[in-house]
Amino acid sequence: MEMGYVDGIPITRYDSERGWTVPLTPWMAAGAEPGYWDEVTQISERSQLIDAENLEIVGRGRYNWSGGLHTRLEAYGCDLLSDGTVRGYDHIGYDGRDFISFEPGSGSFVAADGAAQITKRKWEHDGIVAEEMRNYLENTCPEWLQKYVGYGQEALERKDPPDVHVSGKEEHGILTLSCHAYGFYPGTIGINWLKGDELRDQETEWGGIVPNSDGTFHSWARIEALPGEREQYRCRVEHAGMPEPGIFAWEPESVWNSSPTSVAVSVIATIIIIGLVVVCVWKLRSGKREGNGYGPMPTTGITA
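Numbers 149 to 452, taken from our numbering, label the letters of the sequence shown in order.
What follows is the structure in structure tokens.
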């Protein structure tokens, strides 16, 4: 499956069955210039052929795959930081394992294993792949990212505060406290457990920041405590949509904590990152090529 994202929000999709790139947000559909969808579809179709060939070369020729379902995943994009600098990346993997990645700063490739070393030597000797990738990540990608942000400025600049739910479960003499934050946007959030006034980060387990289907995010933080110390623990949540950080406690009789107890604390400054991500996934099953790919990065036609 292929998807394009801005700040974690899916904005475009291309697949070989449909054979067409389609918008996934109203602002992307309304903002794109005439001819845009034709152009990105043509690029995706060309990339589809090259990436399917790469899947054959690497899978059958180097990993000796024979039948079964196998995948090729490529994730590339750029982050536009608040200070104006650009950070680009490109990672390729097979069957969920790292294969090769590109470092735009040095123009070099990092191989994850012996099979990837062959690709690394070929691409670095040729030079065209690195040149095309660097130009896309450092120039084309940021330009398009700024356009996309312009299309969806109102939606992307909104600030939706999280709904916070604190729960607890006692088992074998240990109390596990969980703090979940739901429905927040943008995706940057701080969730920490306090014991008294002390941060307990070393004892905290965090979940990732995961996108929801409506363009918001959810995340969680968990900590283990002694049951008799329950009242000493509080969850601290900080988000741009909240006027100030909120402090939440587990109330066994309560289901949702909808009104945080606010505390006057200094707000930690964070770097605002706007990111464009493109994910390409290809599948190989029983010798038959099947492709789902997205390729706004122009393909060089050079295989692995």
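Just so you know, even glycine gets a beta-carbon here, dropped at the ideal spot from N, CA and C.
Taking only the alpha-carbon atoms, compute the straight-line gap between residue i and residue j and give it to the nearest angstrom.
i: His456; j: Lys268; result: Limits of the chain in this structure are 149 at one end and 452 at the other, which puts residue 456 out of reach.
i: Val154; j: Leu172; result: 11 Å
i: Ile159; j: His366; result: 19 Å
i: Arg235; j: Glu319; result: 45 Å
i: Met149; j: Ser195; result: 14 Å
i: Ser256; j: Ile276; result: 12 Å
i: Ala200; j: Thr451; result: 10 Å
i: Thr169; j: Gly321; result: 54 Å
i: Tyr299; j: Tyr162; result: 20 Å
i: His273; j: Phe247; result: 18 Å
i: Glu165; j: Met151; result: 14 Å
i: Gly331; j: Glu302; result: 17 Å
i: His313; j: Pro290; result: 37 Å
i: Asn202; j: Trp271; result: 13 Å
i: Glu129; j: Leu342; result: The question about residue 129 has no answer here: the residues shown for the chain are numbered 149 through 452.
i: Ala180; j: Pro174; result: 10 Å
i: Gly216; j: Gly167; result: 25 Å
i: Gly355; j: Pro310; result: 15 Å
i: Tyr242; j: Ile157; result: 25 Å
i: Leu304; j: Pro375; result: 42 Å
i: Glu280; j: Ile198; result: 15 Å
i: Glu379; j: Glu399; result: 9 Å
i: Tyr184; j: Ala178; result: 12 Å
i: Asp261; j: Gly225; result: 23 Å
Please go through the same chain and pick out, in chain order, the residues whose beta-carbon is closer than 7 Å to the beta-carbon of residue i, but skip the five residues on each side of it.
i: Ile420; result: Legend: pLDDT at Ile420 = 41, less than 50; position of this residue unreliable, value from coordinates given subsequently. Around Ile420: Ser230.
i: Ala373; result: Leu323, Leu325, Tyr381
i: Ala397; result: Val314, Arg382
i: Glu286; result: Val234, Gly236, Pro252
i: Arg208; result: none
i: Arg282; result: Pro252, Gly255
Leaving out five residues on either side along the sequence, give the residues of the same chain with a beta carbon under 6 Å from the beta carbon of residue i.
i: Ile357; result: Gly335, Phe365, Ser367
i: Asn340; result: Leu347, Arg384
i: Ser249; result: His239, Val258
i: Gly338; result: Glu386
i: Ala263; result: Arg210
i: Tyr296; result: Val154
i: Glu353; result: Arg370
i: Lys317; result: Thr324
i: Glu351; result: Ile371
Under DSSP, the beta strand (DSSP E) around residue i begins and ends at which residues?
i: Ala452; result: Careful: Ala452 lies outside any beta strand (DSSP E) and carries neither H nor E.
i: Arg161; result: 157-163
i: Ser367; result: 365-373
i: Gly394; result: 394-396
i: Pro171; result: 168-171
With residue i as the anchor, note down where its alpha helix (DSSP H) starts and where it stops.
i: Met176; result: 174-179
Have a look at the DSSP bridge pairing and note the partners of residue i.
i: Glu386; result: Gly338
i: Val358; result: His366
i: Tyr381; result: Lys343
Using a Cβ-Cβ cutoff of less than 8 Å, which residues in the same chain neighbour residue i once the five nearest sequence positions on both sides are dropped?
i: Tyr333; result: Arg306, Lys307, Asp308, Gly363, Thr364, Phe365, Gly389
i: Gly244; result: Thr219, Leu221
i: Ile266; result: Arg210, Ala452
i: Gln294; result: Leu228
i: Ser410; result: Since pLDDT at Ser410 reaches only 34, below the 50 mark, its modelled position is unreliable, and the value read off the structure follows with that caveat. The residues are Pro391, Glu392, Pro393, Gly394, Ile395.
i: Met176; result: Ile159, Thr160, Tyr296, Tyr299, Gly300
> Quick one: complete alpha helix (DSSP H) runs, 4+ long, within the stretch 266-354?
Replying inline: Fully enclosed alpha helix (DSSP H) runs of 4 or longer: 276-283, 289-299, 301-304.
>> Give the list of continuous beta strand (DSSP E) stretches no shorter than 3 residues that lie fully inside the stretch 199-276.
In response: For the stretch 199-276, whole beta strand (DSSP E) runs of length 3 or above, ordered along the chain, are 217-229, 234-242, 245-251, 256-259.
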